[in-house]
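**Student:** The structure's right below; bear with me while I get my questions together.
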Amino acid sequence: MQGNYTLWVGPPPSTVTLFGLISRPGKQPFTPGRDVASYLSGQNLLSGADRSYAWVVYPDGRTQKAPVAYWNKRHVEPMPGSIIYVGLADSVWSETPDALNADILQTLTQRIPQ
335 MQGNYTLWVG PPPSTVTLFG LISRPGKQPF TPGRDVASYL SGQNLLSGAD
385 RSYAWVVYPD GRTQKAPVAY WNKRHVEPMP GSIIYVGLAD SVWSETPDAL
435 NADILQTLTQ RIPQ
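Using our numbering, you'd call the opening residue of the sequence shown number 335 and step up by one each time.
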C-alpha cells in the first residue's frame, strides 16, 4: 500500500474495572498476582448478585467465568484493562438469567478501551 500512514497507540492500561451488582463499581489499580476474589473482597454485593461467580472480560474480548466463593474459589488473574463483572444470580429469576448476563457480557466485550 502506498501512502502516508500514522498509527496511534494509546498508553498501556494500568487498572482493572469492577462492574455489576457491587457497592462501589469503578477502576482499581492493577496489581500483578492479584486474583478476582481479592479485587472483590472490599465490595458489598448487592441484592440479586451472583455470590459464587464473577466474569472477567479481558481487553482482547475473551471472557472467563471465575469462581469466587469460599467453596469454589480458584485463582484467576485479570490482565490490566480487564473488567470484572458481577452478574445476576440464578435465584433472582424464575427463569435462568443467563441470557441477560450473556447480553451484558457481549456488550462489555465490544467496548472501546479508554
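Ideal Cβ positions, reconstructed from N, Cα and C, are used throughout, including at glycine. Since we're looking at a predicted model, the values are computed, not measured.
Between the alpha carbons of S375 and V343, how many angstroms are there, rounded?
**Tutor:** Distance between the alpha carbons of S375 and V343 is about 33 Å.
**Student:** Check whether the Cβ atoms of P401 and Y387 lie closer than 7 Å to each other.
**Tutor:** Going by C-beta atoms, P401 is nearer than 7 Å to Y387.
**Student:** Using beta-carbon positions only, say whether D384 and G360 come within less than 7 Å of one another.
**Tutor:** Contact flag unset, no.
**Student:** Determine whether the beta carbon atoms of P347 and P414 lie at a separation below 7 Å.
**Tutor:** Going by C-beta atoms, P347 is nearer than 7 Å to P414.
**Student:** As an exercise, report each continuous beta strand (DSSP E) stretch of at least 3 residues that is fully enclosed by the stretch 338-404, in chain order.
**Tutor:** Runs found: 349-354, 360-363, 387-391 and 397-401.
**Student:** State the start and end residues of the unbroken alpha helix (DSSP H) segment that holds I438.
**Tutor:** First-last of the alpha helix (DSSP H) with I438: D432 to T443.
**Student:** Rounded to the nearest angstrom, what separates T441 and W389 at their Cα positions?
**Tutor:** Between T441 and W389, the C-alpha separation is close to 13 Å.
**Student:** DSSP puts I417 in a beta bridge; with which residues?
**Tutor:** According to DSSP, which records beta bridges pairwise, I417 is partnered with T351 and V391.
**Student:** Taking the Cβ atom as the reference point for each residue, do E411 and D437 lie within a distance shorter than 7 Å?
**Tutor:** Going by C-beta atoms, E411 is not nearer than 7 Å to D437.
**Student:** With burial defined as no fewer than 16 other Cβ atoms inside 10 Å of the residue's Cβ, what is the status of I446: buried or exposed?
**Tutor:** Exposed, since its Cβ has fewer than 16 Cβ neighbours within 10 Å.
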